[in-house]
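**Student:** Below: one structure in structure tokens.
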Amino acid sequence: MNENLINKENLPKHIAVIMDGNGRWAKQKGKLRIFGHENGAKAVRETIETAARLGVKNLTLYAFSTENWNRPKLEVDTLMKLLVSALKKEVKTLLDNNIRLNAIGNLDALPEQAQQELMEVMAKSKDNDHMTVTLALSYGSREEIKNAVVQLATKVKNNIISPDDIDETIINNHLYTHDLPDVDLLIRTSGECRISNFLLWQIAYAELYFTDVLWPDFRKDHLIEAILNYQNRERRFGKTSEQLN
Ligand code: IPE
Ligand code: IPE
Ligand code: MG
845 MNENLINKEN
855 LPKHIAVIMD
865 GNGRWAKQKG
875 KLRIFGHENG
885 AKAVRETIET
895 AARLGVKNLT
905 LYAFSTENWN
915 RPKLEVDTLM
925 KLLVSALKKE
935 VKTLLDNNIR
945 LNAIGNLDAL
955 PEQAQQELME
965 VMAKSKDNDH
975 MTVTLALSYG
985 SREEIKNAVV
995 QLATKVKNNI
1005 ISPDDIDETI
1015 INNHLYTHDL
1025 PDVDLLIRTS
1035 GECRISNFLL
1045 WQIAYAELYF
1055 TDVLWPDFRK
1065 DHLIEAILNY
1075 QNRERRFGKT
1085 SEQLN
């Protein structure tokens, strides 16, 4: 897949990825699901490096959902340990590439060590401005929207705002993603064609791209293929094709 085919003038400003299929990847190899998670790290690194090199400004990775807490304890514990080791290992890559690390979700629910490591890398990288990588951790879109509604209702109750002030911009400003643009391209690996409670508000007009590749096999060429596919689409935002041309 040729990187030079990508039109740098028409890059998605925000790519979000549902990194799915680790368990099936491991199972295909006769291994435990955990083996699949351990082997997802290379795909993460290559996706971040490629997106940064191309000039994509925002990349959001779905790493752990609110629903994933219901998995077997051993799997949850392993995922949290892998998060800590990945952060320790990848901090240099982030800093070398001028990348800011951000996180969304109910971060308080994460184990203490994971929270600490996350805060440390976020603090170290806070002034980096080439790209923002956002990790969605203990993230659920419905919970995010519920929290925004509670905050807005409280502001109305305390006379800080009036119900008439509530518009799409204000709602957006109360989401975890308040400082990110809307998602342009959403990629999901592993052949599942669903959203699984990810960025419901933010993907209102995103282009959706589903691939059968399992996450541990996802490489630079797969990302380029997804971006080229995106660039061949006509985004009409409700208008007619004729109006756009
Ligand atoms: C994605 O892979 C990783 C997480 C959800 C944490 P899965 O673990 O969901 O793998 P499959 O879908 O069972 O193959
Ligand atoms: C979505 O994958 C969550 C992440 C990739 C972190 P799941 O594997 O948990 O989604 P479902 O349960 O199959 O919809
Ligand atoms: Mg899955």
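Counted from 1, the sequence shown has number 961 at position 117 by our numbering; the numbering is strictly sequential. Using N, Cα and C, we set each Cβ at its ideal position, and we do this for glycine too.
Tell me the DSSP bridge mates of Met-975?
**Tutor:** According to DSSP, which records beta bridges pairwise, Met-975 is partnered with Ile-943.
**Student:** Look up Phe-879 in the DSSP assignment and say whether it is helix, strand or coil.
**Tutor:** Phe-879: helix per DSSP, three-state reduction.
**Student:** According to DSSP, Asn-1002 sits in a beta bridge with which residue or residues?
**Tutor:** Answer is none; Asn-1002 lacks a bridge partner.
**Student:** Identify, in the order they occur along the chain, each residue of the same chain with its Cβ nearer than 7 Å to the Cβ of Phe-1081, setting aside the five sequence neighbours on each side.
**Tutor:** Once the five neighbours on either side are set aside, the close Cβ partners of Phe-1081 are Tyr-1049.
**Student:** So Leu-1072 and Leu-849 are in contact, right, with Cβ under 8 Å, and what is the actual spacing, rounded?
**Tutor:** Contact flag correct, Cβ pair sits at about 6 Å.
**Student:** Could you tell me the distance, in whole angstroms, from the CA atom of Ile-948 to the CA atom of Met-845?
**Tutor:** Looking at the two C-alpha atoms, the distance is approximately 32 Å.
**Student:** To the nearest whole angstrom, what separates the beta carbons of Glu-1079 and Phe-1054, a pair I think is in contact under 8 Å?
**Tutor:** Reading off the sequence shown, one finds Arg at residue 1079, where the question assumed Glu. Not really, about 18 Å apart at Cβ, beyond 8 Å.
**Student:** Relative to the alpha-carbon of Ser-985, which residue among Asn-914, Asn-1041 and Ala-930 has its alpha-carbon at the smallest distance?
**Tutor:** Here the closest residue by C-alpha is Asn-1041.
**Student:** Let me check you understand the geometry: is the CB of Gly-867 closer than 7 Å to at least one non-hydrogen atom of ligand 3?
**Tutor:** Answer for Gly-867: yes, Cβ within range of ligand 3.
**Student:** Quick one: give me the first and last residue of the alpha helix (DSSP H) that His-1066 is part of.
**Tutor:** Note, His-1066: alpha helix (DSSP H), 1064-1075.
**Student:** Between the alpha carbons of Asn-1069 and Thr-904, how many angstroms are there, rounded?
**Tutor:** Looking at the sequence provided, one finds Glu at residue 1069 rather than Asn. Cα to Cα, Glu-1069 sits roughly 18 Å from Thr-904.
**Student:** Are the CB atoms of Met-966 and Asn-946 nearer to each other than 8 Å?
**Tutor:** Yes, the Cβ-Cβ distance between Met-966 and Asn-946 is below 8 Å.
**Student:** What number of angstroms, rounded off, separates the C-alpha of Lys-886 from the C-alpha of Ile-1010?
**Tutor:** Cα to Cα, the separation comes out at about 43 Å.
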